[in-house]
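Novice: Numbering (the numbering used here), first residue to last: 4 to 377. Built from N, CA and C at the ideal position, the CB exists for glycine as well.
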């Protein structure tokens, strides 16, 4: 089976979606930000141009004055999405207007947000956070702060220190796995200038994989044990995070996770025509896995995190012949690919790779029910 996902095809879809968004400058800020980030990511990974990125960036810059109230969780979420997208655009273009806007955003996040989560302008100088909800959402800003830490190294360090307790506490449960992975990606980036953070990132990475990875190594949006729905954004961020942490440390444990996410979870989350959708991987011992085929337009752009992580590091995901064996969870695998039995007999044989949905039309795929082998 060809696991080389067509990132260029997904890029073309994001370009079409961007065209729709630029026709509606009052559209959803988070969606517009994710489209802009995706276009910039594909420019970096594929060398593809980023048409419409200028219009999207202009829309986001115009919206920034409305996003200064970081005490409001919804507003903070929008601001962090916009910040990460505009930062990627500025890295690509060095646009002066965007650069000035980023300086303002950097100040808001490292001053006002720090004040809000610590309950006072001076906070507690790194003491316990007073507002865990804002702290968690603030994790989405860590990649931005890390990318722009040259603006003020001391503020960047203080900001990371304010959120570090969330990652150091192995019993802390994030409301959203997306916040967790974004924060971990930001902390990992900061280890380049502050190596003391690395031990916290490593412990967090192993703990999150052990507690929250589904049977196919997808990740749910929340860390609620009753949440059974894999989220394409969380899983795509996980793919990026574990790939980057392997490259930083050389620890093959993290490559093992990244490859499992790629060969299994990412394959099930993609839909026809480049869109993504939710899946429903099981946590139960029965190991039943059904396929849902509906498309989630709003979540599609964020899938670029995983696709670009693959595109930049194809050598890490090369297929090669290996004997059938069992993994630590007792599943049959060849290399990192999980095998299953399709309960309806569609494939006419017992042992099959978990297939890519791109190989099947919607009607056929919706009828599949797989049994992961134990």
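What's the C-alpha gap between residue 243 and residue 257?
Specialist: Working through the chain shown from its first residue, we reach residue 243 at position 240. Working through the chain shown from its first residue, we reach residue 257 at position 254. Each residue's alpha carbon lies about 11 Å from the other.
Novice: So residue 209 packs on residue 181, CB below 8 Å; how close in whole Å?
Specialist: As a working mapping, residue 209 is identified with position 206 in the chain shown. As a working mapping, residue 181 is identified with position 178 in the chain shown. That belief does not hold up - the Cβ atoms of residue 209 and residue 181 are roughly 19 Å apart, past 8 Å.
Novice: In the DSSP assignment, what are the bridge partners of residue 279?
Specialist: Position 276 of the chain shown, counted from the first residue, corresponds to residue 279. In the DSSP output, where bridge partners are listed per residue, residue 279 has 273.
Novice: Please report the distance separating the alpha-carbon of residue 82 from that of residue 37.
Specialist: Taking the chain shown and counting its residues from 1, one reaches residue 82 at position 79. Taking the chain shown and counting its residues from 1, one reaches residue 37 at position 34. Answer to the nearest angstrom: the Cα atoms are 12 Å apart.
Novice: Please look up how many angstroms separate the CB atoms of residue 184 and residue 237, rounded, as I've assumed it's under 8 Å.
Specialist: The sequence position of residue 184 within the chain shown is 181, counting from 1. The sequence position of residue 237 within the chain shown is 234, counting from 1. Sure, about 6 Å apart at Cβ, within 8 Å.
Novice: Report the three-state DSSP secondary structure of residue 163 (helix, strand or coil).
Specialist: The count along the chain shown starts at 1 and reaches residue 163 at position 160. If DSSP states are grouped into helix, strand and coil, residue 163 belongs with the helices.
Novice: Can you tell me whether residue 176 is buried or exposed? The criterion is at least 16 other CB atoms within 10 Å of its CB, across all chains shown.
Specialist: As a working note, residue 176 is residue 173 in the chain shown. Exposed is the call here.
Novice: Assign residue 229 to one of three DSSP states: helix, strand, or coil.
Specialist: The residue given as residue 229 occupies position 226 in the chain shown. Three-state DSSP puts residue 229 in coil, outside helix and strand.
Novice: Which runs of the beta strand (DSSP E) at least 3 residues long sit entirely within the region 188–263? Give them in chain order.
Specialist: none
Novice: In angstroms with no decimal places, state the Cα-to-Cα distance between residue 129 and residue 157.
Specialist: Position 126 of the chain shown holds residue 129. Position 154 of the chain shown holds residue 157. Note on residue 129: pLDDT 47, under 50, position unreliable in the model; the coordinate value appears next. Roughly 13 Å separates the two Cα atoms.
Novice: If we ignore side chains and look at the alpha-carbon of each, how far apart do residue 274 and residue 143 end up?
Specialist: Sequence index remark: in the chain shown, residue 274 carries index 271 (1-based). Sequence index remark: in the chain shown, residue 143 carries index 140 (1-based). Whole-angstrom Cα-Cα distance: 26 Å.
Novice: Alpha helix (DSSP H) containing residue 80: first to last residue?
Specialist: For the purposes of this step, residue 80 is taken as residue 77 along the chain shown, with counting starting at 1. 76–96 is the extent of the alpha helix (DSSP H) around residue 80.
Novice: With a threshold of 6 Å on Cβ separation, who are the neighbours of residue 79 within its own chain once the five nearest residues in sequence on each side are excluded?
Specialist: Walking along the chain shown from the start, residue 79 turns up at place 76. Correct list, in chain order: 73 and 140.
Novice: Check the C-beta distance from residue 299 over to residue 235 and give it rounded, since I have them as a contact under 8 Å.
Specialist: Translated into positions along the chain shown, residue 299 becomes position 296. Translated into positions along the chain shown, residue 235 becomes position 232. Approximately 7 Å separates the beta-carbon atoms of residue 299 and residue 235; this is inside 8 Å, confirming the contact.
Novice: What did DSSP end up calling residue 317 once you bin it into helix, strand or coil?
Specialist: Within the chain shown, residue 317 is the residue found at index 314, counting from 1. Residue state, collapsed to three classes: helix.
Novice: Take the Cβ of residue 26 as the centre, count every other Cβ of all protein chains shown within 10 Å, and call the residue buried at 16 or more, exposed below.
Specialist: Here residue 26 refers to the residue found at position 23 of the chain shown. With fewer than 16 other Cβ atoms within 10 Å, it is exposed.
Novice: If you check the beta carbons only, do residue 222 and residue 229 fall under 8 Å apart?
Specialist: Here residue 222 refers to the residue found at position 219 when the chain shown is read from its first residue. Here residue 229 refers to the residue found at position 226 when the chain shown is read from its first residue. Cβ distance not < 8 Å, so residue 222 and residue 229 don't count as in contact.
Novice: Kindly give me the distance between the Cβ atoms of residue 165 and residue 117, rounded to whole angstroms, as I take these residues to be in contact under 8 Å.
Specialist: Within the chain shown, the letter at position 162 stands for residue 165. Within the chain shown, the letter at position 114 stands for residue 117. The Cβ separation is near 6 Å, so the contact holds.
Novice: Using the C-alpha atoms, what's the distance from residue 321 back to residue 219?
Specialist: Counting from one through the chain shown, the residue named residue 219 turns up at place 216. Counting from one through the chain shown, the residue named residue 321 turns up at place 318. When rounded, the distance between both Cα atoms is 19 Å.
Novice: Between the beta-carbon of residue 91 and the beta-carbon of residue 45, is there less than 8 Å?
Specialist: Start at 1 with the first residue of the chain shown, and residue 91 comes out as number 88. Start at 1 with the first residue of the chain shown, and residue 45 comes out as number 42. Cβ atoms of residue 91 and residue 45: not closer than 8 Å.
Novice: Specify, as a first and last residue, the run of the alpha helix (DSSP H) that residue 117 falls within.
Specialist: Translated into positions along the chain shown, residue 117 becomes position 114. First-last of the alpha helix (DSSP H) with residue 117: 117–121.
Novice: Are the Cβ atoms of residue 68 and residue 18 separated by less than 8 Å?
Specialist: Locating residue 68 in the chain shown gives position 65, where the first residue counts as 1. Locating residue 18 in the chain shown gives position 15, where the first residue counts as 1. Not closer than 8 Å, so no.
Novice: In the DSSP assignment, what are the bridge partners of residue 51?
Specialist: Residue numbering aside, residue 51 sits at position 48 when the chain shown is read from its first letter. None; residue 51 has no bridge partner.
Novice: Could you check what DSSP says for residue 66 in three-state terms: helix, strand or coil?
Specialist: If you number the chain shown from 1, residue 66 lands on position 63. Three-state DSSP puts residue 66 in a helix.
Novice: Sort 11, 245 and 151 by Cα distance to residue 196 and report the nearest one.
Specialist: As a position in the chain shown, residue 196 is number 193, starting the count at 1. The candidate whose alpha carbon is nearest that of residue 196 is 151.
Novice: Would you mind stating whether residue 396 and residue 146 have Cβ atoms separated by less than 8 Å?
Specialist: Residue 396 cannot be examined here, being either before or after the span of the chain that is shown, 4 to 377.
Novice: Would residue 193 pass as a contact of residue 163 if the rule is Cβ separation under 8 Å?
Specialist: Your numbering for residue 193 matches position 190 in the chain shown. Your numbering for residue 163 matches position 160 in the chain shown. Yes, Cβ-Cβ distance for residue 193 and residue 163 is below 8 Å.
Novice: Determine, for residue 301, whether the minimum Cβ-Cβ distance to residues of chain D falls below 8 Å.
Specialist: Of the protein chains in the structure, only one exists, and it is not chain D.
Novice: I'd like the list of long-range same chain contacts for residue 88, defined as Cβ closer than 6 Å, with 5 residues on each side in sequence excluded.
Specialist: Here residue 88 refers to the residue found at position 85 of the chain shown. Taken in chain order, the residues that qualify are 36, 39 and 40.
Novice: Look up residue 328 in the DSSP assignment and say whether it is helix, strand or coil.
Specialist: Indexing the chain shown from 1 puts residue 328 at position 325. DSSP places residue 328 within a strand segment (E or B) once states are collapsed to three.
Novice: Just mark residue 174 as buried or exposed, buried being the case when its beta carbon has 16 or more other beta carbons within 10 Å.
Specialist: The residue you call residue 174 lines up with position 171 of the chain shown. Answer is exposed; the Cβ neighbour count stays below 16.
Novice: Which residue's Cα is closest to the Cα of residue 239: 307, 43 and 247?
Specialist: The residue you call residue 239 lines up with position 236 of the chain shown. Closest option to residue 239, Cα to Cα, is 307.
Novice: Relative to the alpha-carbon of residue 52, which residue among 280, 105, 14 and 34 has its alpha-carbon at the smallest distance?
Specialist: In the chain shown, counting from the first residue as 1, residue 52 sits at position 49. The alpha carbon of residue 52 has as its nearest neighbour, out of 280, 105, 14 and 34, the alpha carbon of 14.
Novice: Helix, strand or coil for residue 175, going by three-state DSSP, please let me know.
Specialist: Here residue 175 is taken as the residue at index 172 of the chain shown, counted from 1. In this structure, residue 175 counts as coil in the three-state DSSP scheme.
Novice: With 16 other CB atoms within 10 Å as the buried threshold, where does residue 340 fall?
Specialist: Against the chain shown, residue 340 aligns to sequence position 337. Residue 340 should be labelled buried.
Novice: Excluding sequence positions up to five away, which residues of its chain have a Cβ less than 6 Å from the Cβ of residue 95?
Specialist: As a first step, residue 95 is located in the chain shown; it is residue number 92 there, counting from the start. If we look at residue 95 and ignore the five residues flanking it on each side, its Cβ neighbours are 43 and 46.
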